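Visitor:
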Amino acid sequence: MRIGDAAAAANTTPRALRFYEQRGLLPPPVRTASGQRVYGPDTIARVRVIRDLLALGLTVEDLRGCGDRLRLLAENPSLPCARAREDSPGVAVRRLAALDAEIARLTELRDRLADRALGGRSLGDPALTEG
Numbered sequence: 002m003r004i005g006d007a008a009a010a011a012n013t014t015p016r017a018l019r020f021y022e023q024r025g026l027l028p029p030p031v032r033t034a035s036g037q038r039v040y041g042p043d044t045i046a047r048v049r050v051i052r053d054l055l056a057l058g059l060t061v062e063d064l065r066g067c068g069d070r071l072r073l074l075a076e077n078p079s080l081p082c083a084r085a086r087e088d089s090p091g092v093a094v095r096r097l098a099a100l101d102a103e104i105a106r107l108t109e110l111r112d113r114l115a116d117r118a119l120g121g122r123s124l125g126d127p128a129l130t131e132g
């Protein structure tokens, strides 16, 4: 299928498909005699995996590091995102650690703002909503 149809099937845009190809997340597609890209169902499945992982907070650079696994995840979506190498944590583990650190930072920020703005009272305190 041509790029517009492939993009629609994967719920994305032709521009995104070209971007994924440029970044190495997709293999170069077959081209027609006139140079138009032609995509198959395997590529559509891979784009869906890419979009799902990006929506989960992984970055394009994260995905570039595990490009070989994208095909496997497209073939078997229930496959766990295991480590690429035994001596280093996988991309998902590193992203989870980064999210945990950001949650802790935001929780601390929220607590400090609440102390300052509410003076030890909770948001549910009726005195805050009266008047």
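For reference, each letter of the sequence shown is one residue, going 2 to 132 in the numbering used here. All residues carry an ideal CB built from backbone N, CA and C; glycine is no exception. Bear in mind the structure is a predicted one, so any value in this text is a computation, not a measurement.
Could you tell me the alpha carbon to alpha carbon distance between V39 and L57, rounded to whole angstroms?
Guide: 28 Å
Visitor: Does the distance from the CB of N77 to the CB of R49 come in under 9 Å?
Guide: no
Visitor: Would L71 and L64 qualify as a contact pair, given that the criterion is a beta-carbon distance under 9 Å?
Guide: yes
Visitor: Would you decide whether A105 is buried or exposed? Buried here means 16 or more other CB atoms lie within 10 Å of its CB.
Guide: A105 is exposed by the Cβ-count criterion.
Visitor: Kindly indicate the opening and closing residues of the alpha helix (DSSP H) around T44.
Guide: Run containing T44: 42-56, per the alpha helix (DSSP H) assignment.
Visitor: Which same chain residues, not among the five before or five after A46, have their C-beta less than 8 Å away from its C-beta?
Guide: A75, E76
Visitor: With the cut-off set at 9 Å, would you say G68 and G41 are in Cβ contact?
Guide: no
Visitor: Taking buried to mean at least 16 other C-beta atoms within 10 Å of its own C-beta, is L54 buried or exposed?
Guide: buried
Visitor: Taking only the alpha-carbon atoms, compute the straight-line gap between G91 and G36 and give it to the nearest angstrom.
Guide: 37 Å
Visitor: My guess is that A7 and T44 are in contact by the Cβ rule of under 8 Å, so how many angstroms apart are they, rounded?
Guide: 7 Å
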